[in-house]
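The structure appears below as structure tokens.
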Amino acid sequence: MIDAKPLDVADGIRRRRMHRIFTDRPVPHEVLGRMAWAAARAQQARSGVRHVVVADDPALLATARQVLPGFLNNAPAMLVLCTDLDEAGASGGPRLAEHVSRLDSGAACAHLALMAQTLGLGVCTVTSWADEAVRALLGLPGHIRPDVTVAVGYVTRETASPAARGFASGLHHNAFGAAFADGGR
Ligand SMILES: Cc1cc2nc3c(=O)[nH]c(=O)nc-3n(C[C@H](O)[C@H](O)[C@H](O)COP(=O)(O)O)c2cc1C
Numbered sequence: 001m002i003d004a005k006p007l008d009v010a011d012g013i014r015r016r017r018m019h020r021i022f023t024d025r026p027v028p029h030e031v032l033g034r035m036a037w038a039a040a041r042a043q044q045a046r047s048g049v050r051h052v053v054v055a056d057d058p059a060l061l062a063t064a065r066q067v068l069p070g071f072l073n074n075a076p077a078m079l080v081l082c083t084d085l086d087e088a089g090a091s092g093g094p095r096l097a098e099h100v101s102r103l104d105s106g107a108a109c110a111h112l113a114l115m116a117q118t119l120g121l122g123v124c125t126v127t128s129w130a131d132e133a134v135r136a137l138l139g140l141p142g143h144i145r146p147d148v149t150v151a152v153g154y155v156t157r158e159t160a161s162p163a164a165r166g167f168a169s170g171l172h173h174n175a176f177g178a179a180f181a182d183g184g185r
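Oh and the sequence shown: position 35 is 35 in the UniProt record's numbering, straight run, nothing missing.
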């Protein structure tokens, strides 16, 4: 039985954070299954392009921390969002393979950040690594490109809001440079 609490979407967006400090509590297989479902359910331009690798082997995670320079967290698990370049090229051409598929991986990250909150988890999106390191770590074939590693685990403390840390986005109205004044919640 998975303990999942309902989440108001706007609250979930407001409370979304990246986490780098996790508790030691392992994430049960079925909870990781819910996270994998959330990632798999995100938009994708073509079927069969996305692959998700769920990793919770402690030795593998320890190696990840050594070989992925951006994996600056103690998460007990991670989901790795990948693109099948052959499938993407065949179904949508090079633009899908090289660019659009990465949008779909980003959408999966957004799903994970929201789903995590319903399950009491936190996540951190991590991309500062070399593709070859992730390929070797997970045994990915050459036609499978790793797009994002997402650290997953239980968290106890919420970090400051992105706005408090100075993260901002430009909002424009009809033309670039004309402020859209009503973008707050
Ligand atoms: C595409 C992307 C790549 C990121 N790569 C890393 C990374 O390699 N290592 C890391 O610790 N955080 C990484 N982050 C987390 C950002 O540093 C984080 O989003 C930023 O600190 C803002 O935090 P917030 O999302 O909680 O507002 C990444 C975030 C995104 C969206």
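A virtual CB, placed ideally from N, CA and C, is assigned to each residue, including glycine.
Taking only three categories from DSSP, how would you classify T63?
Counting from 1 along the sequence shown, the entry for residue 63 is found at position 63. Under the three-state reduction of DSSP output, T63 falls in the helix class.
Compare the beta carbon distance of V152 and V80 with 8 Å and say whether it is the shorter of the two.
Position 152 of the sequence shown, counted from the start, is the residue given in the question as residue 152. Position 80 of the sequence shown, counted from the start, is the residue given in the question as residue 80. No; because the gap between Cβ atoms is not below 8 Å, this pair is not in contact.
Select from V123, T118, E98, H173 the residue whose C-alpha is nearest the C-alpha of C109.
For this step, residue 109 is matched to residue 109 along the sequence shown. The candidate whose alpha carbon is nearest that of C109 is V123.
Find out if the Cβ-Cβ distance for the pair L121, V54 is shorter than 8 Å.
Here residue 121 is taken as the residue at index 121 of the sequence shown, counted from 1. Here residue 54 is taken as the residue at index 54 of the sequence shown, counted from 1. Not in contact: L121 and V54 (Cβ atoms no closer than 8 Å).
Does ligand 1 have even one heavy atom less than 7 Å from the beta-carbon of G12?
Walking along the sequence shown from the start, residue 12 turns up at place 12. No, since every heavy atom of ligand 1 falls outside the 7 Å radius drawn around the Cβ of G12.
With a 10 Å radius around its C-beta and 16 neighbouring C-beta atoms as the bar for buried, classify S105 as buried or exposed.
As a working mapping, residue 105 is identified with position 105 in the sequence shown. Buried, since its Cβ has 16 or more Cβ neighbours within 10 Å.
Can you give the Cα-Cα distance for residue 192 and A88, rounded to whole angstroms?
It is not possible to answer for residue 192, since the shown part of the chain is limited to 1 through 185.
Apart from the five residues just before and just after L68, which ones in its own chain have a Cβ nearer than 8 Å to its Cβ?
Locating residue 68 in the sequence shown gives position 68, where the first residue counts as 1. The answer, listed in chain order, is V126, S128, W129, A133, V134, L137, T149.
Could you please give me the residues that DSSP links to L81 through a beta bridge?
In the sequence shown, the residue the question calls residue 81 occupies position 81. DSSP, once it has assigned bridges, lists V52, V148 as partnering L81.
Would you mind stating whether T159 and R17 have Cβ atoms separated by less than 8 Å?
In the sequence shown, the residue the question calls residue 159 occupies position 159. In the sequence shown, the residue the question calls residue 17 occupies position 17. Yes, the Cβ-Cβ distance between T159 and R17 is below 8 Å.
Have a look at Y154, G170, A168, Q117 and flag the residue whose alpha-carbon is nearest the alpha-carbon of D8.
Along the sequence shown, one-based indexing puts residue 8 at 8. It is Q117.
Using a Cβ-Cβ cutoff of less than 8 Å, which residues in the same chain neighbour A4 once the five nearest sequence positions on both sides are dropped?
Position 4 of the sequence shown, counted from the start, is the residue given in the question as residue 4. Closer than 8 Å at the Cβ level, and outside the excluded window around A4, lie R34, T118, L119.
Which residues bound the alpha helix (DSSP H) around L121?
For the purposes of this step, residue 121 is taken as the residue at position 121 of the sequence shown. Unbroken run through L121 is the beta strand (DSSP E), 121 to 126; no alpha helix (DSSP H).
By the 10 Å Cβ neighbour count, where 16 or more other Cβ atoms means buried, how is P146 classified, buried or exposed?
Mapped onto the sequence shown, residue 146 falls at position 146. It counts as buried.
Inspect the beta-carbon positions of D84 and V49 and report whether they are closer than 8 Å.
As a first step, residue 84 is located in the sequence shown; it is residue number 84 there, counting from the start. As a first step, residue 49 is located in the sequence shown; it is residue number 49 there, counting from the start. Yes, they are a contact pair.
By how many angstroms is the C-alpha of G70 removed from the C-alpha of D57?
Taking the sequence shown and counting its residues from 1, the one referred to as residue 57 is at position 57. Taking the sequence shown and counting its residues from 1, the one referred to as residue 70 is at position 70. The alpha-carbon atoms of D57 and G70 are separated by roughly 19 Å.
Given a threshold of 16 other Cβ atoms within 10 Å of its Cβ, counted over all protein chains shown, does I2 qualify as buried or as exposed?
Here the question's residue 2 lines up with position 2 in the sequence shown. Exposed is the call here.
Is M18 helix, strand or coil when you go by DSSP?
Taking the first residue of the sequence shown as position 1, residue 18 is located at position 18. If DSSP states are grouped into helix, strand and coil, M18 belongs with the strands.
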